[in-house]
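Colleague: Protein chains in written order, with the numbering used here: chain A, 1 to 113; chain B, 114 to 232. C-beta atoms are modelled at their ideal positions from N, C-alpha and C, and glycine is treated no differently. As the structure is a computational prediction, the values presented were derived from the model and not from experiment.
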Amino acid sequence: SQQGEEDPQALSIQEGENATMNCSYKTSINNLQWYRQNSGRGLVHLILIRSNEREKHSGRLRVTLDTSKKSSSLLITASRAADTASYFCATDELGDSSYKLIFGSGTRLLVRP
Amino acid sequence: GAVVSQHPSWVICKSGTSVKIECRSLDFQATTMFWYRQFPKQSLMLMATSNEGSKATYEQGVEKDKFLINHASLTLSTLTVTSAHPEDSSFYICSAREVSDLLPYETQYFGPGTRLLVL
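(1) Using 8 Å as the threshold, is the C-beta distance between B:W123 and B:R210 below it?
(2) Along the segment 20 to 43 of chain A, what residues have a CB closer than 9 Å to any CB found in chain B?
(3) When we look at the beta-carbon of B:S186 and count the other beta-carbons within 10 Å, is it buried (16 or more) or exposed?
(4) If you measure beta-carbon to beta-carbon, which residues of the segment 123 to 141 of chain B are closer than 7 Å to chain A?
(5) Strictly by DSSP, which residues pair up with A:I29?
(6) If you follow the beta strand (DSSP E) that A:H45 is part of, which residue opens it and which one closes it?
(7) Would you give the residue range spanned by the beta strand (DSSP E) that B:T188 belongs to?
(8) So what's A:E55 in DSSP terms, helix, strand or just coil?
(9) Check the C-beta distance from A:S86 over to A:E17 and give it rounded, since I have them as a contact under 8 Å.
(10) Can you find the residues in the same chain that come closer than 7 Å, C-beta to C-beta, to B:S128, ignoring five residues on each side of it along the sequence?
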C-alpha cells in the first residue's frame, strides 16, 4: 500500500535556489518523516515531525505539517548539486501487530551546478 | 548510529531458482523488521512486516508463498524469493526497529538494499 502522493514528481533547479516538495497522505498519523535516497542506494533519514508540530527545522531543511489538510512540505534552501536525489515522505500506519512505515510516491530532485 | 546490513548487495539468478536475502541488525535487537520492494524510479512498497518468533504479516497483493520471510532471531530476518521470475527483478530493502526505552518507538533503520536481477 502507498500512503500518499508527492508533488512534483520531478523537480529541476539551479544550484543556490530553494526546492519545495509536497506530500499528501490519507490516514491519521502520529508523525511524518522525510527520507532521501541517492540513485540506487539506501535511504537516509532526514527529519521527523510529530502530529502536534507545525514546523521543524534542521540545517537547510524546513518541514511543515498541516494535519487538517493531511499534507506536509519539505523545503531545501540554498540547494547544492549534492542534494540531487529522490525524496520521500513516510507516515506510520497501524498494522495488525505494529506500526509500519508507508512511503509516498517521491520527488526526484535534480540540482544543476 | 545503529546499522542494518543486507546480504548479498546484488544477485543475478536464473528464472525458476530461489534467492535468499539476509537482513541483520548489527548492534541492536530488532523485534520488528520490514521488507520493501522498489522498482526503478518508483517508491518503496511495503511487502511484509516480520516479527521475531511469529509469522510475517503480508501486505495486500503480496504472495506469502512466493516471498518467504523468516525472523528467527532478534538480529536476523531473511526473505526468500521462491521460483524467481524476471518480473521479480527489483531492489529489495529491509528495515529494522530498535526497541529501547531511550528511543522513540518510531526509530527505524534501513539496510542498503539488495538488487535482484532474474534472467
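Modeller: According to the structure data:
(1) To locate residue 123 of chain B, count along the second sequence from 1; it is residue 10. To locate residue 210 of chain B, count along the second sequence from 1; it is residue 97. Taking 8 Å as the Cβ cut-off, B:W123 and B:R210 do not qualify as a contacting pair.
(2) N30, N31, Q33, Y35, Q37, G40, R41, G42, L43
(3) Translated into the one-based positions of the second sequence, residue 186 of chain B becomes position 73. By the neighbour-count rule (16 or more Cβ atoms within 10 Å), B:S186 is not buried but exposed.
(4) none
(5) To locate residue 29 of chain A, count along the first sequence from 1; it is residue 29. In DSSP, A:I29 forms no bridge with anything.
(6) Indexing the first sequence from 1 puts residue 45 of chain A at position 45. Run containing A:H45: 43 to 50, per the beta strand (DSSP E) assignment.
(7) Looking up residue 188 of chain B in the second sequence gives position 75. It is not in any beta strand (DSSP E) - B:T188 carries neither H nor E in the DSSP assignment.
(8) As a working note, residue 55 of chain A is residue 55 in the first sequence. It is a strand residue.
(9) On the first sequence, residue 86 of chain A is found 86 positions in, with the first residue counted as 1. On the first sequence, residue 17 of chain A is found 17 positions in, with the first residue counted as 1. Rounded, the Cβ-Cβ distance is 18 Å, inconsistent with contact.
(10) Residue numbering aside, residue 128 of chain B sits at position 15 when the second sequence is read from its first letter. If we look at B:S128 and ignore the five residues flanking it on each side, its Cβ neighbours are A197, H198, P199, V231, L232.
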